[in-house]
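Residue 417, in my numbering, is where the first sequence stops; the numbers in between run on with no holes.
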Amino acid sequence: MIPSIRGTRDILPAEVGRWQRVEGVARDLCARYGYAEVRTPVIEREELFAKGTGESTDIVQKEMYAFTDKGGDRITLRPEATPSMVRSFVEHALEQELPCAKLYSLGPMFRYERPQKGRYRQFHQLDIEVFGITDPAVDGEVIEMASALVTELGIEGAELVINSVGCAACRPRFTQALIDALGERVAELCGDCQRRSVTNPLRIFDCKVPADQPVIDQLPHSENFLCDACRDHFAEVRRHLDAYGLAYRVSHRLVRGLDYYTRTTFEILGTSLGAQNALLGGGRYDHLVKQLGGPDRSGIGFAAGLERLVLALPEGAGEMDVADAFVVALGDPSWFAARILARDLRRAGLTTLIDYEGRSSKSQMKRANRSRARHMLILGEDELATNQVTVKTMETGEQQTVARADLVAHLRAVRTD
RNA sequence: GUGGGUGUAGCUCAAUUGGUAGAGCGCCGGACUGUGGCUCCGGAUGUUGCGGGUUCAAUCCCCGUCACUCACCCCA
């Protein structure tokens, strides 16, 4: 046997219903909020993520499936969706043809990480992006939509966390304030934090090492360093969330790992997901489009991890629909008649199962039972002679004889009961 | 990349100080040749993750490796 690749997995029939449920709700939600779907390639130029996601991020530095193709170009499997969405938006000048550039995409992403609960090397994201609107009303709506996604999936106990990380004007001041406040205490922090204090001081807030917490607790809060414009923006975002009646927590420690975020950042955390508890995360990125060679347009969006949504889905969600009928053929003469009956029912839109191996009647009926089909349709020589079918309702055990011509109507009628 | 735990039938798990593998569920068939579920009877299936070592003998002990898993890290 040739096994599957580490960190990848087959989504098997027993679980695929849950996936279809998540994808179905996601697509429906996107449509209702006015988002248009975009499907971008799974492979992109490596530099798209180096410039977009950020050269300093772990994603780019050590998690990309990057390689040189036969033409000598540096290619990578996409580790996240946003840079691709921006590229597509810019490359096709989508703002010219879409009245309001709200885009979504659904598909696999790839990161070379150590697999863990809720974390795979090939994983799937729902990604939504809004381009060109700076008004905090969009931040509010995007966050409200993220919340609606979780709610409509029936996921309980999720927590919304928001923050503002400032903009190009005020973030440097805050970063400097962090470094100043840390001062000599840097030496007290863990190795990772010491590294972060140089590469990306904001990320110190992500640290979970208990010993570091007393120092981190005394660090300044980003909120107190926002410029007037960012402060106003953040206040407006919260007014919108309040108006929607959304419960949220403001956490000055919510600093997200991608370089491009400005102003609003947010996450929705799930319970019972283990350490990988972020169901979705996103924020505003007002300079990314320009940075990637496009016009100076703002952006905001989020990515939701489908594996994690599937994991968090309530028990019993996405159960597969049961078949309408299982055709049982008794004896050689009814072999073809049974097959034609199945074909006709399928053409009429009814989910129909049938056995292929000429099993005994008992065996076929056992299969009908196990298939959990609603009805067993018995077609033997008696029925053949009279142009009828014996219809047995599995749940009740009741059975009746129905004229072949009336069968579709009969099955449809009981289906909608 | 680092650390812990676990790898035995399709699934969940047994196997006594080391003596070459079993149960339940599931699957297939029969009892019941035109009536499923319940019951009873019968049946099939394993390179014990892989490779080495110790031993007369390894599922068991040792080493390596791979996979899964949890956590770190990272992030959806």
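Ideal Cβ placement from N, Cα and C applies to all residues, glycine included.
Could you spell out where the alpha helix (DSSP H) holding A278 opens and where it closes?
Here residue 278 refers to the residue found at position 278 of the first sequence. Run containing A278: none in the alpha helix (DSSP H); it sits in the beta strand (DSSP E), 278-284.
Going by C-alpha to C-alpha distance, which of Y104, N277, R347 sits closest to R39?
Start at 1 with the first residue of the first sequence, and residue 39 comes out as number 39. Minimum Cα distance to R39 is reached at Y104.
For I216, which residues in the same chain have their Cβ closer than 7 Å to its Cβ, ignoring the five residues on either side in sequence?
Position 216 of the first sequence, counted from the start, is the residue given in the question as residue 216. The beta carbon of I216 sits closer than 7 Å to those of I204, F205, C207, all from its chain and outside the five residues before and after it, given in chain order.
Curious, which full-length beta strand (DSSP E) runs of at least 3 residues does the segment 308-336 contain?
325-329
Have a look at the DSSP bridge pairing and note the partners of F234.
Locating residue 234 in the first sequence gives position 234, counting from the first residue. For F234, which the question treats as bridged, DSSP gives no partner whatsoever.
How is the alpha helix (DSSP H) around F205 delimited, first residue to last?
Translated into the one-based positions of the first sequence, residue 205 becomes position 205. Segment: none, F205 is in no alpha helix (DSSP H) and carries neither H nor E.
For a minimum of 3 consecutive residues, which ranges assigned as the beta strand (DSSP E) are wholly contained in the segment 56-132?
65-68, 74-77, 102-110, 122-131
For H375, which residues does DSSP report across the bridge?
Within the first sequence, residue 375 is the residue found at index 375, counting from 1. Answer by DSSP bridge pairing, in chain order: A325, T393.
Using the C-alpha atoms, what's the distance from R370 back to A329?
Locating residue 329 in the first sequence gives position 329, where the first residue counts as 1. Locating residue 370 in the first sequence gives position 370, where the first residue counts as 1. The straight-line gap from Cα to Cα measures roughly 17 Å.
Under the DSSP definition of a beta bridge, which residues are partnered with E37?
As a position in the first sequence, residue 37 is number 37, starting the count at 1. For E37, which the question treats as bridged, DSSP gives the partners Y104.
Round the Cβ separation of V327 and L379 to the nearest angstrom and send it over; I've been treating them as touching at under 8 Å.
Here residue 327 refers to the residue found at position 327 of the first sequence. Here residue 379 refers to the residue found at position 379 of the first sequence. Going by Cβ atoms, the distance from V327 to L379 rounds to 6 Å, so yes, they are a contact pair.
Would you decide whether G397 is buried or exposed? Buried here means 16 or more other CB atoms lie within 10 Å of its CB.
Mapped onto the first sequence, residue 397 falls at position 397. With fewer than 16 other Cβ atoms within 10 Å, it is exposed.
Determine the burial state of E152: buried for a count of at least 16 other Cβ atoms within 10 Å of its Cβ, exposed for fewer.
On the first sequence, position 152 is the one that residue 152 refers to. Result: exposed.
Among G7, R45, A101, L98, which has the Cα closest to the Cα of R74?
Looking up residue 74 in the first sequence gives position 74. Closest option to R74, Cα to Cα, is R45.
Under the three-state reduction of DSSP, which class applies to T271: helix, strand or coil?
Locating residue 271 in the first sequence gives position 271, where the first residue counts as 1. It is coil, neither helix nor strand.
Compute the distance between the beta-carbons of G52 and L292, then report whether it is under 8 Å.
For the purposes of this step, residue 52 is identified with residue 52 of the first sequence, where counting begins at 1. For the purposes of this step, residue 292 is identified with residue 292 of the first sequence, where counting begins at 1. The answer is yes: Cβ separation under 8 Å.
Considering only residues of the same chain and omitting the five flanking positions on each side of V138, which have a CB-CB separation below 8 Å?
One-based indexing of the first sequence puts residue 138 at position 138. The answer, listed in chain order, is V130, I300.
Hey, how far is the Cα of E236 from the Cα of G118?
Counted from its first residue, the first sequence places residue 236 at position 236. Counted from its first residue, the first sequence places residue 118 at position 118. So the alpha carbons of these two residues sit roughly 34 Å apart.
Looking only at its chain, what residues have a beta carbon closer than 8 Å to the beta carbon of L313, apart from the 5 residues adjacent to it on each side?
Taking the first sequence and counting its residues from 1, one reaches residue 313 at position 313. So the qualifying residues of the chain are R18, R21, V22, L153, G154, I155.
Taking only the alpha-carbon atoms, compute the straight-line gap between K392 and E144 and give it to the nearest angstrom.
The residue you call residue 392 lines up with position 392 of the first sequence. The residue you call residue 144 lines up with position 144 of the first sequence. If you take the alpha carbons of K392 and E144, they lie about 49 Å apart.
For V161, name the three-state secondary structure that DSSP assigns.
Against the first sequence, residue 161 aligns to sequence position 161. Of the three classes helix, strand and coil, the one that applies to V161 here is strand, per DSSP.
Am I right that H124 and E307 are in contact with their C-beta atoms under 8 Å? What's the rounded C-beta distance?
To locate residue 124, count along the first sequence from 1; it is residue 124. To locate residue 307, count along the first sequence from 1; it is residue 307. Confirmed, Cβ separation roughly 6 Å.
List the endpoints of the continuous beta strand (DSSP E) containing V402.
Working through the first sequence from its first residue, we reach residue 402 at position 402. Residues 399-403.
What is the rounded straight-line gap between the Cα of T264 and the Cα of V310?
In the first sequence, counting from the first residue as 1, residue 264 sits at position 264. In the first sequence, counting from the first residue as 1, residue 310 sits at position 310. Taking the straight line from one Cα to the other gives about 27 Å.
My guess is that T262 and H240 are in contact by the Cβ rule of under 8 Å, so how many angstroms apart are they, rounded?
Numbered from its first residue, the first sequence carries residue 262 at position 262. Numbered from its first residue, the first sequence carries residue 240 at position 240. Going by Cβ atoms, the distance from T262 to H240 rounds to 18 Å, so no, they are not a contact pair.
Looking at the secondary structure, which residues open and close the alpha helix (DSSP H) in which R370 lies?
In the first sequence, residue 370 corresponds to position 370, counting from 1. R370 -> alpha helix (DSSP H) spans 361-370.
Got a sec? Which residues, its chain only, sit under 7 Å from V186 by beta carbon, not counting five neighbours each side?
Counted from its first residue, the first sequence places residue 186 at position 186. Q194, S197.
Based on the DSSP output, what are the partners of T151 in its beta bridges?
Residue numbering aside, residue 151 sits at position 151 when the first sequence is read from its first letter. According to DSSP, T151 bridges with nothing at all.
In terms of residue numbering, what span does the alpha helix (DSSP H) encompassing R27 cover?
Sequence index remark: in the first sequence, residue 27 carries index 27 (1-based). For R27, the enclosing alpha helix (DSSP H) starts and ends at 13-32.
Just checking, does the segment 270-278 make contact with the segment 170-177 on the three C-beta pairs under 8 Å criterion?
no
Would you tell me roughly how many angstroms separate the C-alpha atoms of Q122 and A304, rounded to the nearest one?
Here residue 122 is taken as the residue at index 122 of the first sequence, counted from 1. Here residue 304 is taken as the residue at index 304 of the first sequence, counted from 1. Between Q122 and A304, the C-alpha separation is close to 14 Å.
Three Cβ pairs or more, each shorter than 8 Å: is that satisfied between the segment 83-99 and the segment 59-74?
No, they do not touch.
Quick check: what's the CA-CA separation for E80 versus L126?
Your numbering for residue 80 matches position 80 in the first sequence. Your numbering for residue 126 matches position 126 in the first sequence. Straight-line Cα distance between these residues: approximately 10 Å.
Could you compute how far the alpha carbon of A168 sits from the alpha carbon of C230?
One-based indexing of the first sequence puts residue 168 at position 168. One-based indexing of the first sequence puts residue 230 at position 230. So the two alpha carbons sit approximately 10 Å from each other.
Please report the distance separating the alpha-carbon of F225 from that of L12.
The residue labelled residue 225 in the question sits at position 225 within the first sequence. The residue labelled residue 12 in the question sits at position 12 within the first sequence. The alpha-carbon atoms of F225 and L12 are separated by roughly 50 Å.
Quick one: what's got a C-beta closer than 8 Å to L254's C-beta in the same chain, skipping five residues either side?
Here residue 254 is taken as the residue at index 254 of the first sequence, counted from 1. Cβ within range, chain order: V161, I162, N163, F205, T265, F266, E267.
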